[in-house]
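Going by the UniProt record's numbering, 218 is the number at position 218 of the sequence shown; the sequence numbering is gapless.
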Amino acid sequence: MRGDCSYTFDPDSGSRSADRDSSLTEPWSCPHEAHDDSEYCVVHMSPEARDDLGIDDRAVAAAVERAAEAEGREGKQLIGGNFEDLDLSYLVLETGDQFPLDLRHATVAGTLSLATAELRQPLDLRHASIGDVAFEEAVFREFVDISDAEIDGEFDAAHATFVGDVDLIGTRFRGPVSLEEGRFHGDTCLRFTEYEAAAVFDGVEFRGDANLLDDDACLEDAVFHERASFRKAEFRYADFVGATFEAVADFDEATFTGDGEFRETRFEGDASFRGAEFRGDMNVEIDDADFSGPAFGGDADFTNGQFALANFAGATFAGETLFTEAAFEEDADFRGTTFESALDLTEARFREDADLSGVSVGG
Numbered sequence: 001m002r003g004d005c006s007y008t009f010d011p012d013s014g015s016r017s018a019d020r021d022s023s024l025t026e027p028w029s030c031p032h033e034a035h036d037d038s039e040y041c042v043v044h045m046s047p048e049a050r051d052d053l054g055i056d057d058r059a060v061a062a063a064v065e066r067a068a069e070a071e072g073r074e075g076k077q078l079i080g081g082n083f084e085d086l087d088l089s090y091l092v093l094e095t096g097d098q099f100p101l102d103l104r105h106a107t108v109a110g111t112l113s114l115a116t117a118e119l120r121q122p123l124d125l126r127h128a129s130i131g132d133v134a135f136e137e138a139v140f141r142e143f144v145d146i147s148d149a150e151i152d153g154e155f156d157a158a159h160a161t162f163v164g165d166v167d168l169i170g171t172r173f174r175g176p177v178s179l180e181e182g183r184f185h186g187d188t189c190l191r192f193t194e195y196e197a198a199a200v201f202d203g204v205e206f207r208g209d210a211n212l213l214d215d216d217a218c219l220e221d222a223v224f225h226e227r228a229s230f231r232k233a234e235f236r237y238a239d240f241v242g243a244t245f246e247a248v249a250d251f252d253e254a255t256f257t258g259d260g261e262f263r264e265t266r267f268e269g270d271a272s273f274r275g276a277e278f279r280g281d282m283n284v285e286i287d288d289a290d291f292s293g294p295a296f297g298g299d300a301d302f303t304n305g306q307f308a309l310a311n312f313a314g315a316t317f318a319g320e321t322l323f324t325e326a327a328f329e330e331d332a333d334f335r336g337t338t339f340e341s342a343l344d345l346t347e348a349r350f351r352e353d354a355d356l357s358g359v360s361v362g363g
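Below, the structure written as structure tokens:
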């Protein structure tokens with residue numbers, strides 16, 4: 001397939017990421033037909049040019065839908081597309097192959113909506129620049145990659161279902177994020193993500209049904225500048241190693257059926273794990289609740305927490321720390337832990353060995 005749209009994308013000059021190179025390794029030329037009155041296809045025209053030709057957002061969305069349903073890799077490529085709003089809500093998008101709808105390096109000045117849509121093919125939005133994202137109640141049957149993207153406004157994927165793996169590596173969210181009651185069946189990687197506004201993951205489920213590895217939900221080195229809420233979230237394996245929470249971190253009643261890793265995590269505000277459950281599994285290489293070496297700058301509340309094998313060795317707690325009525329069903333390791341303020345272990349239960357050697361308690 002080879003059209004006459006004049007648009008080309010040069011990865012050497014067009015990458016939107018300051019930290020990571022484009023996934024493209026050579027210049028790309030649009031394969032789609034140009035509009036009769038333009039040298040570009042409707043996707044690569046400027047919004048002003050489309051207005052002059054009377055091409056509205058619905059016509060542009062229809063062009064994207066046709067591309068999504070085209071055969072082969074090339075027909076689905078809309079790299080560097082230029083959109084005001086792109087509304088694909090309520091659609092069922094499917095093709096006979098597994099090549100992705102390719103919107104790498106696209107710009108959506110307004111809202112990208114797949115609300116209540118069902119996408120039965122992969123979606124590639126790497127390096128995209130988007131105003132608002134509306135994925136609420138959408139179903140994504142295949143792999144979704146939104147890595148190294150810039151989301152300037154709201155990212156709403158509440159109640160969405162992701163059946164395949166999801167990558168948002170290095171993505172920056174400048175507006176509020178909602179993944180409330182989202183369902184993630186495969187691996188979900190949010191490594192190096194940055195959240196400049198509140199992030200809500202309440203009731204989210206990271207199931208990792210498709211694998212047996214310990215990377216079902218990876219938020220390594222993520223940075224949360226404002227409140228982060230994971231209330232009643234359900235994880236199998238969760239990796240928050242090296243993450244930073246600059247404001248309140250709320251994990252109340254969260255459940256970790258596998259391992260929960262918080263090694264070297266920084267909690268600069270208050271951290272709450274009231275009623276959280278760390279059930280663990282047969283993985284002997286990683287502690288079921290691994291809080292070794294993190295820094296808690298505010299108050300830390302583990303009241304009514306339920307722990308299998310727990311490791312708090314080398315952790316530092318600057319504020320009041322509560323383990324009131326917490327239950328440690330297996331060994332608990334607090335070697336070298338520092339509590340700079342008050343520590344409350346009222347009614348805490350240690351059913352196996354508890355190592356408190358080198359513990360320091362102030363307050």
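C-beta atoms are modelled at their ideal positions from N, C-alpha and C, and glycine is treated no differently. Owing to the predicted nature of the structure, the values given are computational and were not obtained by experimental measurement.
- The three-state reading of DSSP puts G260 in strand, counting E and B together.
- The Cβ atoms of E94 and R120 lie closer than 7 Å to each other.
- Here A199 really is in contact with A228; their C-beta atoms are around 5 Å apart, less than 8 Å.
- For A34, the closest alpha carbon among the candidates D21, T25, A49 and S22 is that of A49.
- Counting along the chain, the unbroken alpha helix (DSSP H) around V60 starts and ends at D57 to A68.
- In this chain, the beta strand (DSSP E) harbouring D132 covers S129 to A134.
- For A49, the uninterrupted alpha helix (DSSP H) segment begins and ends at P47 to D52.
- Listed as beta-bridge partners of Q121 by DSSP are no residues whatsoever.
- By DSSP's assignment, V43 forms no beta bridge with any residue.
- D165 and G336 have their alpha carbons spaced roughly 38 Å apart.
- A residue is called buried when at least 16 other Cβ atoms come within 10 angstroms of its Cβ; P27 does not meet this threshold and is exposed.
- Non-local beta-carbon contacts of L103 in its own chain, meaning distances under 7 Å to residues more than five positions away in sequence, involve L78, G81, D124, L125 and A128 in chain order.
- Per DSSP, reduced to three states, the secondary structure at G75 is helical.
- Beta-bridge analysis with DSSP links T321 to A300 and L343.
- Taking a 10 Å sphere around the C-beta of Y7, we find 16 or more other C-beta atoms and assign the residue as buried.
- For D57, same chain residues with a beta-carbon under 7 Å away, outside a window of 5 residues either side, are E84, D85 and D87 in chain order.
- A distance below 7 Å separates the beta carbons of T303 and R274.
- Annotation: the continuous beta strand (DSSP E) that includes L112 extends over T107 to S113.
- In the three-state scheme derived from DSSP, where H, G and I count as helix and E and B as strand, D167 is classed as strand.
- Rounded to the nearest angstrom, the gap between the Cα atoms of A109 and R207 is 33 Å.
- Taking the Cα positions, P294 is about 35 Å away from G131.
- Between T346 and T324, the gap from beta carbon to beta carbon is short of 7 Å.
- C-alpha of C5 to C-alpha of C218: approximately 40 Å in a straight line.
- Around the beta carbon of A238, a 10 Å sphere encloses 16 or more other beta carbons of the protein chains shown; the residue is thus reported as buried.
- Bridge pairing for D355: D333 [DSSP].
- Beta-bridge partners assigned by DSSP to Q98: none are found.
- F296 and A68 have their C-alpha atoms roughly 47 Å apart.
- Comparing alpha-carbon positions, the option among F224, L112 and V144 lying closest to V133 turns out to be L112.
- Annotated three-state conformation of D12 is helix, per DSSP.
- For A247, the CB contacts under 8 Å within the same chain, skipping 5 residues up- and downstream, are F224, H225, E226, R227, A228, E268 and G269 in chain order.
- Collapsing the DSSP output to three states places I151 in a strand.
- Partner residues in a beta bridge of C30, as assigned by DSSP, do not exist.
- Taking C-beta atoms as the reference points, F328 and A300 fail to come closer than 7 Å.
- Between E205 and R183, the beta carbon gap of about 5 Å places them in contact (Cβ cut-off 8 Å).
- Apart from sequence neighbours up to five positions away, the residues of its chain that approach R279 with a beta-carbon distance below 8 Å are T255, F256, T257, G258, D288, Q306 and A308, ordered along the chain.
- Cβ-Cβ distances below 6 Å link P47 to E84 in the same chain, with the five nearest sequence neighbours on each side left out; the list follows chain order.
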